[in-house]
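Add 17 to the 1-based position in the sequence shown for the numbering used here, that's all there is to it. Positions of the beta carbon are idealized from the N, C-alpha and C atoms, including for glycine. Take a look at the structure set out below.
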Amino acid sequence: MREQIAELAEIIDASKALALWDQACATRLDKTPVWIHGDFAIGNILMDSGKLSAVIDFGGAAVGDPACDLVIAWTYLSGKAREIFISEMDMDQCTWLRVRAWALWKATFKLCQIADKNIPEAGLQKRIIDEVING
Numbered sequence: 018m019r020e021q022i023a024e025l026a027e028i029i030d031a032s033k034a035l036a037l038w039d040q041a042c043a044t045r046l047d048k049t050p051v052w053i054h055g056d057f058a059i060g061n062i063l064m065d066s067g068k069l070s071a072v073i074d075f076g077g078a079a080v081g082d083p084a085c086d087l088v089i090a091w092t093y094l095s096g097k098a099r100e101i102f103i104s105e106m107d108m109d110q111c112t113w114l115r116v117r118a119w120a121l122w123k124a125t126f127k128l129c130q131i132a133d134k135n136i137p138e139a140g141l142q143k144r145i146i147d148e149v150i151n152g
């Protein structure tokens, strides 16, 4: 992760990203692990008329930290929708810190894979990183 942040240091706030990562790594899941999907991606979340109709591809399902799946708060939601999601999920601050770090990892990984940092997908990943590190 530190290598990914270093690689992106010219286009993201690396000091904030590292601080978030370090804070999250210092937390631990202090509750019973739960079933997680493990791969909430656009192709695995099916919608019908603007409503969730199904979640597919449970190949990554496991028992673990709910932060893994809650990352959708940053990868798919923004603004008021994210606020409502966070409020309704009723997780502790340490879990949300790990969620933000998980989103940071996912977005930095994707952004490092994109050669042209000016294409829309790169912009999306930069936006996610900015929102995650700025709280």
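Let me make sure I understand the geometry here. Which of the options has the alpha-carbon closest to that of residue i?
i            : options                           : result
aspartate 56 : Ile131, Asp133, Leu128 and Lys123 : Lys123
threonine 49 : Lys68, Met108 and Trp119          : Met108
cysteine 85  : Gly67, Leu121 and Leu69           : Leu121
cysteine 42  : Ile29, Lys134, Leu114 and Asn135  : Leu114
glycine 77   : His54, Ala90 and Ile29            : His54
threonine 44 : Asp133, Gln110 and Gly140         : Gln110
aspartate 74 : Lys68, Gly67, Thr92 and Ile59     : Ile59
CB-CB under 6 Å to residue i, same chain, minus the five flanking residues each way: which ones, in chain order?
i            : result
glutamate 24 : Cys129
Report back the beta-carbon spacing between residue i and residue j to the nearest angstrom; my notes put them in contact at under 8 Å.
i             : j            : result
tryptophan 51 : valine 80    : It is valine, not tryptophan, that sits at residue 51 in the sequence shown. Going by Cβ atoms, the distance from valine 51 to valine 80 rounds to 7 Å, so yes, they are a contact pair.
leucine 37    : arginine 117 : 6 Å
By a C-beta neighbour count over all protein chains shown, 10 Å radius and 16 as the cutoff for buried, is residue i buried or exposed?
i             : result
aspartate 82  : buried
glutamine 142 : buried
valine 72     : exposed
Counting only the same chain and skipping the five closest in sequence on each side, list residues whose C-beta sits under 8 Å from that of residue i.
i                 : result
isoleucine 103    : Ala90 and Trp113
phenylalanine 138 : According to the sequence shown, residue 138 is glutamate rather than phenylalanine. Hits under 8 Å: Lys127 and Ile131.
Subject >> 4 or more residues per run - each alpha helix (DSSP H) lying fully within the stretch 18 to 72 >> reply: Counting only runs that start and end inside the stretch 18 to 72, the alpha helix (DSSP H) elements of at least 4 residues fall at 19 to 24 and 31 to 42.
Original post:
For the stretch 74 to 116, which segments carrying the alpha helix (DSSP H) assignment without a break, of at least 4 residues, lie completely within its bounds, in sequence order?
Top reply: DSSP runs (the alpha helix (DSSP H)) wholly in the stretch 74 to 116: 84 to 87, 89 to 92 and 96 to 106.
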